[in-house]
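Participant: Residue numbers (my numbering): 34 to 229.
Ideal Cβ positions, reconstructed from N, Cα and C, are used throughout, including at glycine.
Since the model is a prediction, treat every value here as computed from it, not as a measurement.
1. Looking at the unbroken alpha helix (DSSP H) that takes in residue 194, where does it start and where does it end?
2. Do you know how far the Cα of residue 116 is from the Cα of residue 223?
3. Under a three-way DSSP split, which group does residue 178 fall into?
4. Among the candidates 221, 112, 207, whose CA atom is the shortest distance from the CA of residue 84?
5. Counting pairs of beta carbons, one from the region 133 to 152 and one from the region 165 to 183, are three or more of them closer than 8 Å?
6. Taking DSSP as the reference, what is the three-state secondary structure of residue 112?
7. Enumerated in chain order, which unbroken segments of the alpha helix (DSSP H) with a length of 4 residues or greater are wholly contained in the region 101 to 168?
8. Considering only the beta carbon of each residue, do residue 17 and residue 63 sit closer than 7 Å?
9. Note down the Cα distance separating residue 191 from residue 184, rounded to an integer number of angstroms.
10. Under a three-way DSSP split, which group does residue 84 fall into?
11. Can you give me the Cβ contacts of residue 182 inside the same chain, cut-off strictly under 7 Å, excluding the 5 residues immediately before and after it?
12. Please report the distance separating the alpha-carbon of residue 205 from that of residue 134.
13. Looking only at C-alpha atoms, which of 203, 118, 220, 164 sits nearest to residue 65?
14. Considering just the uninterrupted stretch of the alpha helix (DSSP H) at residue 207, what are its terminal residues?
15. Whose CA, out of 138, 75, 67, lies closest to the CA of residue 156?
16. From residue 110 to residue 218, what distance separates their C-alpha atoms?
17. Near residue 160, which residues of its chain fall below 6 Å by C-beta distance, leaving aside the five closest residues on each side in sequence?
18. Tell me where the alpha helix (DSSP H) around residue 227 begins and ends.
19. Residue range of the alpha helix (DSSP H) that residue 67 falls in?
20. Alpha carbon to alpha carbon, what distance is there between residue 202 and residue 215?
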């Protein structure tokens, strides 16, 4: 009888700790800088949360980010893998330190992927569900995200071009579309000759 009481007490303690962590995680504020960028792209107030170590274990299941939908309505919060957030913040710090490279000197593909992830989830927050369309919009917004993080116009344009060359081929088929080109159906600025 004593061992049963001990087991029940232990289970109650574990449940209490889990509920407490869940409620504090729900109350956790988002990343203000990344949320501001996402809000501009989504054209509404949204929140970007960086998943901690526990999020990496139970959250995105191999994805760089995730945004939930209830029916056709997007949630107001997107979650990014902690590594994505760390890369974006490291990129910002490098830019503030006066990094001389036009293309990021260190890990350009990782930086491009992280910028793309933030833009991609932002367009989901705007209500776009189709992955190919969302990804095409995200690729066109990489220069915008880079500029908001502190890149010069030239750095942002070079990074956007690099991203468009490098990222689509690394995406699953459902993230690619033949309509993602200058003048294509998913072109956000059809009258503008600049691409992406």
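Facilitator: Quick answer:
1. Residue range 186 to 199 is occupied by the alpha helix (DSSP H) that includes residue 194.
2. So the two alpha carbons sit approximately 34 Å from each other.
3. DSSP places residue 178 in helix when its eight states are reduced to three.
4. Checked all of 221, 112, 207; the closest Cα to residue 84 is 112.
5. Three or more pairs of CB atoms, one per stretch, sit closer than 8 Å, so the region 133 to 152 contacts the region 165 to 183.
6. Of the three classes helix, strand and coil, the one that applies to residue 112 here is strand, per DSSP.
7. Note on the region 101 to 168: whole alpha helix (DSSP H) runs with a minimum of 4 residues are 115 to 129, 141 to 158, in chain order.
8. Residue numbering for the chain in the displayed model covers 34 to 229; residue 17 lies beyond these limits and cannot be assessed.
9. Whole-angstrom Cα-Cα distance: 10 Å.
10. Residue 84 carries a strand assignment under DSSP once its states are collapsed to helix, strand and coil.
11. Cβ within range, chain order: 121, 124, 125, 128.
12. Rounded to whole angstroms, residue 205 and residue 134 show a C-alpha spacing of 30 Å.
13. Among 203, 118, 220, 164, the Cα nearest to that of residue 65 belongs to 118.
14. If you look at residue 207, you'll find it isn't in any alpha helix (DSSP H); DSSP assigns it neither H nor E.
15. Of the candidates 138, 75, 67, the one whose C-alpha sits nearest the C-alpha of residue 156 is 75.
16. Answer to the nearest angstrom: the Cα atoms are 28 Å apart.
17. Result list for residue 160: 107, in chain order.
18. It is not in any alpha helix (DSSP H) - residue 227 carries neither H nor E in the DSSP assignment.
19. 65 to 75 is the extent of the alpha helix (DSSP H) around residue 67.
20. Spanning the two alpha carbons is a distance of roughly 17 Å.
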